[in-house]
Amino acid sequence: MEIQSAIHEAPDFATRWVNLSDPRLGALALSASDDFFAPKERLLNPEPPIFIPGKYDDHGKWMDGWETRRKRGAGNDHCVVKLGLRGVIKGIDIDTSHFTGNYPPAASLEAAICDKDPDESTQWVRLLDPISLCGNAHHYLEISNPRVWSHVRLNIYPDGGIARLRIFGQVACDWAARAKDQLYDLVALENGGLAVACNDAHFGKPFNLLAPSRGINMGDGWETRRRREPGNDWAIIALGHPGTIRKIEVDTAHYKGNYPDKCSVQGAYVQGGTEQSIISQSMFWPTLLPEQSLTMDKIHTFVDQLHALGAITHIRFNIIPDGGVSRLRLWGNLDEGCSQ
561 MEIQSAIHEA
571 PDFATRWVNL
581 SDPRLGALAL
591 SASDDFFAPK
601 ERLLNPEPPI
611 FIPGKYDDHG
621 KWMDGWETRR
631 KRGAGNDHCV
641 VKLGLRGVIK
651 GIDIDTSHFT
661 GNYPPAASLE
671 AAICDKDPDE
681 STQWVRLLDP
691 ISLCGNAHHY
701 LEISNPRVWS
711 HVRLNIYPDG
721 GIARLRIFGQ
731 VACDWAARAK
741 DQLYDLVALE
751 NGGLAVACND
761 AHFGKPFNLL
771 APSRGINMGD
781 GWETRRRREP
791 GNDWAIIALG
801 HPGTIRKIEV
811 DTAHYKGNYP
821 DKCSVQGAYV
831 QGGTEQSIIS
841 QSMFWPTLLP
851 EQSLTMDKIH
861 TFVDQLHALG
871 AITHIRFNII
881 PDGGVSRLRL
891 WGNLDEGCSQ
């Protein structure tokens with residue numbers, strides 16, 4: 561299996577799929593065999609790891625990640641992580657950024673599905689055989705197992721430090737068990753919503769639009785650079801399940817001098833195609849929400865303004881001309897003709 565280390569751009573799975581190990585989705589570092597030098601919780605920090613020269617604590621050099629003590633006996637260290645959302649794992653990133661003389665020589669990954677915290681009876685399945693690691697590098701590895709998982713166990717051999725662990729995957733939703741007459745936020749991450757593409761994400765990715773709760777600050781949203789040419793910015797989002805949209809909410813929380821002047825939404829029922837073909841086709845999708853004026857730091861709710869398009873699978877969210885939006889909610893009924 562080829563490792564993509566220290567590359568400037570992440571592979572497709574790392575930009576296409578949701579980080580199931582994001583604590584903002586409920587992920588937790590449940591246990592670790594050891595975390596003497598740096599606590600296991602830092603392993604899941606959604607922010608990029610940093611290095612602070614000269615910073616020490618009671619245990620030694622402060623490191624932004626999970627780091628165990630030097631092992632003086634047989635065995636290896638491990639950390640158990642509860643995924644924030646259950647899903648099919650598409651790929652992982654074992655990030656050793658800033659760990660140079662103290663990174664593990666090798667690592668492997670196991671997964672399990674269980675309704676409670678793992679214990680001695682838990683059956684772990686090997687998703688990644690031991691692979692060699694490099695210091696101060698990203699290790700992107702594709703996973704091909706189609707099963708749904710709730711927990712992972714990262715094994716390091718024999719000891720050392722890992723800055724971040726990212727588990728990228730497709731959220732699993734049991735739509736068959738849900739009532740068909742209720743409204744659901746069909747673009748929410750927990751419901752399988754997926755940011756497919758955008759024309760710009762200079763200050764924040766469209767993934768943030770679909771995250772739970774309201775944004776915590778201006779960095780927790782989708783924000784584009786200042787547009788210096790004609791046109792407008794856009795993001796394409798796949799619904800977690802086909803449905804008919806009844807209400808749209810656009811939240812500009814924390815965006816005050818940089819919110820978009822207006823927004824609009826287009827929608828379509830897409831069957832087949834590639835990401836590039838969807839981008840091209842989206843220019844001609846019918847209008848779901850005509851242009852609406854936005855204001856700063858506010859939840860904007862649109863109901864009567866929506867056009868009746870019937871069931872859709874994708875939307876194109878247009879911001880005019882540019883700026884930042886914290887959250888986007890599309891409340892709708894499930895398409896009863898789809899068994900997804």
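When we follow our numbering, the leftmost residue of the sequence shown carries the number 561, and every step to the right adds one.
By construction, the Cβ of each residue, glycine as well, lies at the ideal position given by its N, Cα and C atoms.
Using CA coordinates, which residue listed in N662, C639, R787 and N751 is at the minimum distance from G647?
For the purposes of this step, residue 647 is identified with residue 87 of the sequence shown, where counting begins at 1. Looking at the Cα atoms, N751 is the closest of the given residues.
With contact counted as at least three CB pairs below 8 Å, one residue from each stretch, are the region 693-700 and the region 617-626 in contact?
no
For the candidate residues W684, R887, N818 and A739, whose alpha-carbon lies nearest to that of E674?
What you label residue 674 is simply residue 114 of the sequence shown in a count that begins at 1. One detail in the question is off: residue 674 reads as Cys in this sequence, not Glu. Here the closest residue by C-alpha is W684.
Distance, Cα to Cα, A748 vs L799?
Against the sequence shown, residue 748 aligns to sequence position 188. Against the sequence shown, residue 799 aligns to sequence position 239. If you take the alpha carbons of A748 and L799, they lie about 8 Å apart.
If we count the other Cβ atoms within 10 Å of its Cβ and call it buried at 16 or more, is S692 buried or exposed?
Position 132 of the sequence shown holds residue 692. Result: exposed.
Where do the ends of the beta strand (DSSP E) carrying I879 lie?
In the sequence shown, the residue the question calls residue 879 occupies position 319. Here the beta strand (DSSP E) through I879 covers A871 to I880.
Return helix, strand or coil for E513, following the three-state DSSP convention.
Outside the shown range of the chain (561 to 900) lies residue 513, about which nothing can therefore be said.
Have a look at H814 and I859 and give me their C-alpha separation to the nearest angstrom.
Here residue 814 refers to the residue found at position 254 of the sequence shown. Here residue 859 refers to the residue found at position 299 of the sequence shown. Each residue's Cα considered, the two are about 11 Å apart.
So what does DSSP say about W735, is it helix, strand or coil?
For the purposes of this step, residue 735 is taken as residue 175 along the sequence shown, with counting starting at 1. W735 falls in the helix class under three-state DSSP.
So, is A589 buried or exposed, given that buried needs 16 or more other C-beta atoms within 10 angstroms?
As a position in the sequence shown, residue 589 is number 29, starting the count at 1. Buried, by the Cβ-count rule.
Per DSSP, G721 is paired with what?
Mapped onto the sequence shown, residue 721 falls at position 161. Note: G721 sits in a beta bridge opposite E627.
Using a Cβ-Cβ cut-off of 8 Å (strictly less than) and excluding sequence neighbours within five positions of G779, which residues of its own chain qualify?
Walking along the sequence shown from the start, residue 779 turns up at place 219. Only F763 and G764 meet the Cβ criterion.
To the nearest angstrom, how far is the alpha carbon of I652 from that of D679?
Working through the sequence shown from its first residue, we reach residue 652 at position 92. Working through the sequence shown from its first residue, we reach residue 679 at position 119. Their backbone Cα atoms lie some 24 Å apart in a straight line.
Using a Cβ-Cβ cut-off of 8 Å, state whether G720 counts as contacting chain C.
Absent from the structure: chain C. Only one protein chain is present.
Let's test the definition: count the other Cβ atoms within 10 Å of the Cβ of Y744 and tell me whether it reaches 16, buried, or not, exposed.
As a first step, residue 744 is located in the sequence shown; it is residue number 184 there, counting from the start. Classification of Y744: buried, given that the 10 Å Cβ count is 16 or more.
Give the secondary structure of K822 by DSSP, where H, G and I count as helix, E and B as strand, and everything else as coil.
To locate residue 822, count along the sequence shown from 1; it is residue 262. If DSSP states are grouped into helix, strand and coil, K822 belongs with the strands.
Skipping 5 residues on each side, what residues in its chain have a beta carbon closer than 6 Å to that of P718?
By 1-based counting over the sequence shown, the position of residue 718 is 158. Only K631 and N636 meet the Cβ criterion.
Given G883, which residues of its chain have a CB within under 6 Å of its CB, disregarding the five upstream and five downstream residues?
Here residue 883 refers to the residue found at position 323 when the sequence shown is read from its first residue. Cβ within range, chain order: N818, Y819 and P820.
Under 8 Å by Cβ, that's how I've got L643 and W709 pegged, so tell me the actual separation to the nearest angstrom.
Translated into the one-based positions of the sequence shown, residue 643 becomes position 83. Translated into the one-based positions of the sequence shown, residue 709 becomes position 149. Right, their Cβ atoms sit about 7 Å apart.
Under DSSP, the beta strand (DSSP E) around T804 begins and ends at which residues?
For this step, residue 804 is matched to residue 244 along the sequence shown. T804 -> beta strand (DSSP E) spans D793 to D811.
Could you check whether G892 and T834 sit closer than 8 Å to each other, using their CB atoms as the reference points?
As a working mapping, residue 834 is identified with position 274 in the sequence shown. As a working mapping, residue 892 is identified with position 332 in the sequence shown. It is not a contact, given that the beta carbons lie outside the stated cut-off.
Tell me whether T812 is buried or exposed, calling it buried when 16 or more other Cβ atoms sit within 10 Å of its Cβ.
On the sequence shown, residue 812 is found 252 positions in, with the first residue counted as 1. The C-beta of T812 has 16 or more other C-beta atoms within 10 Å across all chains shown, which makes the residue buried.
Just the Cα atoms here: how many angstroms apart are R889 and A868?
Counting from one through the sequence shown, the residue named residue 889 turns up at place 329. Counting from one through the sequence shown, the residue named residue 868 turns up at place 308. Taking the straight line joining both Cα atoms gives about 17 Å.
With DSSP collapsed to three states, give me the class of A574.
Residue mapping note: residue 574 aligns to position 14 of the sequence shown, counting from 1. Helix.
Evaluate I567 with the Cβ neighbour count: other Cβ atoms within 10 Å of its Cβ, from every protein chain shown; 16 or more gives buried, anything less gives exposed.
Translated into positions along the sequence shown, residue 567 becomes position 7. Per-residue confidence for I567 stands at a pLDDT of 42, beneath the threshold of 50, marking its modelled position as unreliable; no derived number is given.
For N777, does the count of other Cβ atoms within 10 angstroms reach 16, so buried, or fall short, so exposed?
As a position in the sequence shown, residue 777 is number 217, starting the count at 1. With fewer than 16 Cβ atoms within 10 Å of its Cβ, N777 is classed as exposed.
Which term fits Y663, buried or exposed, when burial requires 16 or more other beta carbons within 10 angstroms of its beta carbon?
The residue given as residue 663 occupies position 103 in the sequence shown. It is buried - the Cβ of Y663 has at least 16 other Cβ atoms within 10 Å.
Could you check whether the region 716-734 touches the region 780-793, counting it as contact only if at least three pairs of C-beta atoms, one from each stretch, sit closer than 8 Å?
no
Just verifying my parser: in three-state terms, what is the DSSP assignment at S565?
The residue labelled residue 565 in the question sits at position 5 within the sequence shown. At S565 the pLDDT is 43, less than 50, meaning the model places this residue with poor confidence; the figure from the coordinates comes in the next sentence. The DSSP-derived three-state label of S565 is strand.
Should Q742 be labelled buried (16 or more other beta-carbon atoms within 10 Å of its own) or exposed?
For this step, residue 742 is matched to residue 182 along the sequence shown. Exposed, since its Cβ has fewer than 16 Cβ neighbours within 10 Å.
Return yes when the Cβ of S581 is within less than 8 Å of the Cβ of A587, no when it is not.
As a working mapping, residue 587 is identified with position 27 in the sequence shown. As a working mapping, residue 581 is identified with position 21 in the sequence shown. Yes, they are a contact pair.
When you compare only the Cα positions, how much space is there between L770 and N759?
One-based indexing of the sequence shown puts residue 770 at position 210. One-based indexing of the sequence shown puts residue 759 at position 199. Looking at the two C-alpha atoms, the distance is approximately 17 Å.
Excluding the five sequence neighbours on either side, which residues of its own chain have a C-beta within less than 6 Å of the C-beta of D793, listed in chain order?
Here the question's residue 793 lines up with position 233 in the sequence shown. For D793, where only same-chain residues beyond five positions count, the Cβ hits under 6 Å are N759, D760, T784, I879 and D882.
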